[in-house]
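Read the structure below first, then the notes.
Residue numbers (the working numbering): 1 to 591.
Structure, rendered in structure tokens:
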């Protein structure tokens, strides 16, 4: 098998902006009279792998958009390719194994083939077994997996016996594709006659008469999950179902998805970056590793706990593959001993809307600290951030105008132009060496600095927003759900970037999020929002991180333990011995 592959990311390739095919003009092999890289039929650059050598690293390095990749495949890779989109495009090796009656979790970085695998498993994409010049044929794939459970599944796909229901990652696109009220959309997709049941379970009563375009991120996510559940299918695929959902909703959705597996022996695949939710929801795990936009490899199936721990370790013993040269370690302490001076304080605040009323007690944040905020959606967390940022005026409480606050919103809108142009337009100090090394490089934004913002993925856009926010001159940095659409590695990098920035610049941050692991990693103290979603909200705190998490989990009647190998938080099974013991001692959050 070919051990080196050349890939051009066609979305990033911009021949006009680089000065008329810079790579073709500068390629050493081309200058020697060979055609290692040429203009393809699509008007983009195209690499001839048979000609290209290590000298083509010149093209990789000079491409201003990071569109060219020349990489070596793992030496121990034995699988044949499943599909390749073009002569120099992404390659997928192996497929996730669907298991009737079980929830199979899929864990891997963004852009590594999860959507491609789904399209093949659902029959939408006919695999070409790595030869883009050959018409795809599912019969070839059936022969490849002869004698396995995958063969049986693919034969059902071929016969048309597999009916797919798909919950996409980008739920914001629903508003562009579906118009009208929530109740009308649910009635339209309800093929099971369970509309009323799902509305009650996901607490959607108060949004039924709302237009789809007016929903928040969390409301849109619940609508997408409900619509997927209501379809009469036997193969359900949920792509990041936890994004924008509060901890309460994540638990309900996890139970809902597990119930689907038991219903008619359905097959369920779930992609999720919130490890605690993925751990709780899944029976088995398959890991996708490789290089984003270049190639992806699906690992063997593993028990969920062992699979997550191997992913964090970066080594897969069964596959004998080290796919990451570092381990992900959760080594943050529960408490941070700080004697820094108070940097920001807010008075008691109150805000009344026609149908919603919220109160926030006075609080403070010290220099270098990160205050995290959690609680159910609809209790006023975003409203609180907007009041601090001056976007909403409180009815009670006066906020000093001397304190400057930089605010990253929950809803991300793509700006015009490139990432660099946006940074140049609004960012202060982003040209400093420290900013480039500790923010742009750590968030891997240098690789997309010349890319058009409208072409970024959800995770890339999120990281750009975080960098833009940190580039502003402020005393307080407020982040609303910075972990949404971000994979595991980048979530911890974002946490480290925020913490390091606050300590170095003697500023402080306020972070609203729902990923327990992320909150524990990034935070020093916590505010907990309580109340009746959509009607009234009150606040407890600031509390220590341990007390804050204990308060939240007590409200949910859920207990967490620490994984002995990795230190990551894990949800206890309800009614288990550990669950009962922790509840008796009022220790819902591990110590």
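The beta-carbon is built from N, C-alpha and C at its ideal position, and this holds for glycine as well.
Exercise. Could you give the residue range of the beta strand (DSSP E) that holds residue 28?
Worked result: Element bounds for residue 28: not the beta strand (DSSP E) but the alpha helix (DSSP H), 28-31.
For this session: Using three-state DSSP, classify residue 508 as helix, strand or coil.
Result: strand
Exercise. Is residue 555 helix, strand or coil by DSSP?
Worked result: helix
Exercise. Across which residues does DSSP place residue 68 in a beta bridge pair?
Worked result: 8
Exercise. Could you give the distance in angstroms between the alpha-carbon of residue 335 and the alpha-carbon of residue 166?
Worked result: In this prediction, residue 335 has a pLDDT of 47, which is less than 50 and means its spatial position is unreliable; what the coordinates show is noted afterwards. Cα to Cα, residue 335 sits roughly 41 Å from residue 166.
For this session: Spatial neighbours of residue 589 within its chain, please: CB distance less than 7 Å, with the 5 preceding and 5 following residues excluded, ordered by chain position.
Result: 546, 549, 550, 553, 560
For this session: Would you list the one or two residues that DSSP bridges to residue 544?
Result: Assignment of beta-bridge partners to residue 544 by DSSP yields 525.
Exercise. Is the distance from the Cβ of residue 503 to the Cβ of residue 368 below 8 Å?
Worked result: yes
Exercise. Looking only at its own chain, which residues have a Cβ that is under 7 Å from the Cβ of residue 575, when we skip the five neighbours before and after it?
Worked result: none
Exercise. Does the distance from the C-beta atom of residue 379 to that of residue 107 stay below 8 Å?
Worked result: no
For this session: Quick one: give me the first and last residue of the alpha helix (DSSP H) that residue 118 is part of.
Result: Per DSSP, the unbroken alpha helix (DSSP H) holding residue 118 starts and ends at 114-121.
Problem set entry | residue 232 classed as buried or exposed, judged by whether at least 16 other C-beta atoms fall within 10 angstroms | exposed
Exercise. Per the contact definition of three or more C-beta pairs closer than 8 Å, is the segment 449-469 in contact with the segment 203-214?
Worked result: no
Problem set entry | As assigned by DSSP and simplified to three states, the class of residue 257 | helix
Exercise. Would you call residue 600 buried or exposed, if buried means 16 or more other Cβ atoms sit within 10 Å of its Cβ?
Worked result: Because the chain here runs from 1 to 591, residue 600 falls outside it and cannot be looked at.
For this session: Would you please state the rounded distance, in angstroms, between the beta carbons of residue 482 and residue 511? I believe it to be under 8 Å.
Result: 7 Å
Exercise. Taking one C-beta from the segment 125-143 and one from the segment 73-87 each time, how about it: are there three or more such pairs within less than 8 Å?
Worked result: By the Cβ rule, the segment 125-143 counts as touching the segment 73-87, because three or more pairs are nearer than 8 Å.
Exercise. With distances taken from CA atoms, which of 172, 408, 259 is nearest residue 100?
Worked result: Nearest option by C-alpha distance: 259.
Exercise. Can you list, in chain order, the residues of its chain whose CB lies under 8 Å from that of residue 151, leaving out five sequence neighbours each side?
Worked result: 142, 145
For this session: Take the Cβ of residue 433 as the centre, count every other Cβ of all protein chains shown within 10 Å, and call the residue buried at 16 or more, exposed below.
Result: exposed
For this session: Please state whether DSSP places residue 266 in a helix, a strand or coil.
Result: coil
Exercise. For residue 236, is the classification buried or exposed, using 16 other Cβ atoms within 10 angstroms of its Cβ as the cut-off for buried?
Worked result: buried
Exercise. Can you round the beta-carbon distance between residue 66 and residue 134 to whole angstroms, since I take them to be within the 8 Å contact cut?
Worked result: The pair is not a contact, with the Cβ atoms about 30 Å apart (cut-off 8 Å).
Problem set entry | residue 365: first and last residue of the uninterrupted beta strand (DSSP E) it sits in | 363-366
Exercise. Thinking C-alpha only, which one of 309, 202, 156, 411 is nearest residue 173?
Worked result: 411
Exercise. Which of the three DSSP states, helix, strand or coil, is assigned to residue 333?
Worked result: At residue 333, the pLDDT of 45 sits below 50, so the modelled position is not reliable; the number obtained from the coordinates is stated separately. Of the three classes helix, strand and coil, the one that applies to residue 333 here is coil, per DSSP.
Problem set entry | C-beta neighbour in chain E for residue 590, strict 8 Å | Absent from the structure: chain E. Only one protein chain is present.
Problem set entry | Contact check, residue 466 vs residue 479, beta carbons under 8 Å | In contact: residue 466 and residue 479 (Cβ atoms closer than 8 Å).
Exercise. When DSSP labels each residue in this structure, what does residue 497 get in the three-state scheme?
Worked result: helix
For this session: Hey, could you find the ends of the beta strand (DSSP E) residue 374 is sitting in?
Result: 370-375
Exercise. Roughly how many angstroms lie between the CA atoms of residue 327 and residue 375, to the nearest whole one?
Worked result: 30 Å
Problem set entry | For residue 358, the residue or residues it bridges with in DSSP | 351, 537
Exercise. What are the boundary residues of the alpha helix (DSSP H) that residue 467 is part of?
Worked result: 458-471
Problem set entry | Rounded separation between residue 138 and residue 244 - CA only | A direct Cα-to-Cα measurement between residue 138 and residue 244 gives close to 37 Å.
Exercise. Three or more C-beta pairs closer than 8 Å, one from the segment 469-476 and one from the segment 399-408: is that the case here?
Worked result: yes
Problem set entry | Own chain partners of residue 136 with C-beta closer than 6 Å, once the 5 adjacent residues on each side are dropped | For residue 136, where only same-chain residues beyond five positions count, the Cβ hits under 6 Å are 126, 127, 128.
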